[in-house]
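S.K.:
Residue numbers (the working numbering): 6 to 116.
1) So, do the stretch 104-115 and the stretch 87-95 have three or more beta carbon pairs nearer to each other than 8 Å?
2) Rounded to a whole number of angstroms, what is the C-alpha to C-alpha distance between residue 105 and residue 16?
3) Hey, out of 28, 9, 19 and 73, whose CA is closest to residue 50's CA?
4) From residue 46 to residue 36, what does the alpha carbon distance come to, in whole angstroms?
5) Just to confirm the assignment, what range does the alpha helix (DSSP H) spanning residue 46 have?
6) Counting along the chain, where does the beta strand (DSSP E) carrying residue 75 start and finish?
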């Protein structure tokens with residue numbers, strides 16, 4: 006998604022509020038600009054919890070994640086090439102490892 010979905014008001018704000026109220030957002034990953042063909046704007050990935058993964062079932066499997074959202078600021082994780090930026094394997098590994106461990110990394114992620 007474009008980064009604007011995280012900040013705009015109106016209908017998008019109502020959608021974000023409902024997703025958070027229902028504990029449906031597991032993580033928000035901010036990415037660098039110019040990673041995707043045809044657009045130079047920064048993007049983000051919204052990681053949503055699976056449907057039906059609410060309440061007792063989820064909290065028994067992942068009690069440390071219940072009611073929490075992991076924010077990862079990966080806007081510096083890219084390699085600049087001539088026409089656009091790219092994520093290298095080491096960038097993807099850092100992002101996925103941080104997400105899987107739900108870890109706080111100073112300057113990179115926060116629960």
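Glycine included, every Cβ here is placed at the ideal spot set by N, Cα and C.
M.R.: Put simply:
1) With the cut-off at 8 Å, the stretch 104-115 and the stretch 87-95 do not touch.
2) Taking the straight line joining both Cα atoms gives about 31 Å.
3) Selection 28, 9, 19 and 73 evaluated against residue 50 yields 9 as nearest (Cα-Cα).
4) It is roughly 10 Å from the alpha-carbon of residue 46 to the alpha-carbon of residue 36.
5) Annotation for residue 46: no alpha helix (DSSP H) segment contains it, and DSSP assigns it neither H nor E.
6) It spans 75-79 - the beta strand (DSSP E) in which residue 75 sits, taken as one unbroken run.
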